[in-house]
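In terms of the numbering used here, the sequence shown opens at residue 224 and continues consecutively.
Since the structure comes first, as structure tokens, the remarks are kept for the end.
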Amino acid sequence: MYKKSLIAAAAMVLLSGCHRHHNARLSAPPAPAPESPPPTVASIPPAITPANAKQPSLSAVPESNETGLASWYGHPYHGRPSASGEIYDMEQMTAAHRTLPFGAQVRVHDLDNKKSVDVRINDRGPFVDGRIIDLSHAAARAIDMIGPGTARVRLEILNMPAPTGPARFAVQVGAFRIRDNAERMRLEMEAKYGTARLVQRADTPGLWHVLVGMESTEEGANGLAQRIRSERGDVAAFVVRVDSV
224 MYKKSLIAAA
234 AMVLLSGCHR
244 HHNARLSAPP
254 APAPESPPPT
264 VASIPPAITP
274 ANAKQPSLSA
284 VPESNETGLA
294 SWYGHPYHGR
304 PSASGEIYDM
314 EQMTAAHRTL
324 PFGAQVRVHD
334 LDNKKSVDVR
344 INDRGPFVDG
354 RIIDLSHAAA
364 RAIDMIGPGT
374 ARVRLEILNM
384 PAPTGPARFA
394 VQVGAFRIRD
404 NAERMRLEME
414 AKYGTARLVQ
424 RADTPGLWHV
434 LVGMESTEEG
444 ANGLAQRIRS
454 ERGDVAAFVV
464 RVDSV
């Protein structure tokens, strides 16, 4: 009997040992997460800047240290003419910028997730303080910006189109749906700063934009915008490239 008891006790110990070993495997710490993928760059189709293409020389394009917020836009602008006259397609790699010439190619670097996307400028905007570029839906999706809506970015100019004439810059101080209100602002700006006019654009139907001044350099227009902002705290003044004089 004593021998049988010893055999039974040994069997219980072996079974207990197997049971702990099984639980230990189930509760083992998970394998370490894979390393984050390297930063990606989404390019403008159809491969305007392919990886094996010769990049423009550094002297061929101006340096850009422009940083700020990027936003994106889709409907209801999809299918409408952009400021360049091109029909806006929100699934193309394009963007709106206030002063870069149409056709400029820009790499947008997200400063937080380190992703980048290449876009072609074909529209004007955004006219919101602190925002520097308005991406298409496709470009925003490429850098995971759809959900947040905005992102901190840095702009890198890849290529600039050949100039077709002298550049002109003005300061936009307002956009009005009622022309009489726009005209009152225009007269006030003209009396104070010498030159002001009303402009309508295809990308913003029904709006009258009030533009002040006409400068040959962006720096000159920036100086005028700073003066307007300091003298008129109630006016949001943005420098814009005048695409048609």
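Yeah, the Cβ is synthetic: ideal placement off N, Cα and C, and Gly gets one too.
Query: Answer yes or no: do residue 394 and residue 447 have a C-beta to C-beta separation smaller than 9 angstroms?; Result: yes
Query: By how many angstroms is the C-alpha of residue 449 removed from the C-alpha of residue 414?; Result: 18 angstroms
Query: Using three-state DSSP, classify residue 449 as helix, strand or coil.; Result: helix
Query: So what does residue 436 bridge to, in DSSP terms?; Result: None; residue 436 has no bridge partner.
Query: Just how far apart, CA to CA, sit residue 464 and residue 437?; Result: 10 angstroms
Query: Closer than 8 angstroms is the cut-off here; do at least three beta carbon pairs connect the region 419-432 with the region 351-367?; Result: no
Query: By DSSP, does residue 382 sit in helix, in strand, or in coil?; Result: strand
Query: What residues in its chain sit with their C-beta under 7 angstroms from that of residue 332, if we drop five residues either side in the sequence?; Result: 339, 376, 377 and 379
Query: Would you report the Cα separation of residue 418 and residue 457, rounded to the nearest angstrom?; Result: 19 angstroms
Query: Roughly how many angstroms lie between the CA atoms of residue 320 and residue 311, to the nearest whole one?; Result: 14 angstroms
Query: For the alpha helix (DSSP H) holding residue 425, just list the boundary residues, first then last.; Result: Careful: residue 425 lies outside any alpha helix (DSSP H) and carries neither H nor E.
Query: Whole-angstrom Cβ separation of residue 328 and residue 346, contact assumed at under 8 angstroms?; Result: Not really, about 14 angstroms apart at Cβ, beyond 8 angstroms.
Query: Under the three-state reduction of DSSP, which class applies to residue 410: helix, strand or coil?; Result: helix
Query: Is it a yes or a no for the region 347-358 touching the region 286-296, going by three-plus beta-carbon pairs under 8 angstroms?; Result: yes
Query: Report the rounded CA-to-CA distance for residue 431 versus residue 349, giving the unit in angstroms.; Result: 16 angstroms
Query: Below 9 angstroms between beta carbons: does that hold for residue 344 and residue 317?; Result: yes
Query: Relative to the alpha-carbon of residue 366, which residue among 384, 385, 337 and 392 has its alpha-carbon at the smallest distance?; Result: 337
Query: Taking DSSP as the reference, what is the three-state secondary structure of residue 367?; Result: coil
Query: Mark residue 460 as exposed unless 16 or more other C-beta atoms lie within 10 angstroms of its C-beta, in which case mark it buried.; Result: buried
Query: Taking the straight line between their C-alpha atoms, what separation do you get for residue 442 and residue 392?; Result: 9 angstroms
Query: Using three-state DSSP, classify residue 472 as helix, strand or coil.; Result: The question about residue 472 has no answer, for the chain in this structure spans 224 to 468.
Query: Going along the chain, which residues of its own chain have a beta-carbon closer than 8 angstroms to the beta-carbon of residue 445, five neighbours each way excluded?; Result: 462
Query: When the distance is taken between beta carbons, is residue 433 closer than 9 angstroms to residue 421?; Result: yes
Query: Per DSSP, what are the beta-bridge partners of residue 373 in this structure?; Result: 294
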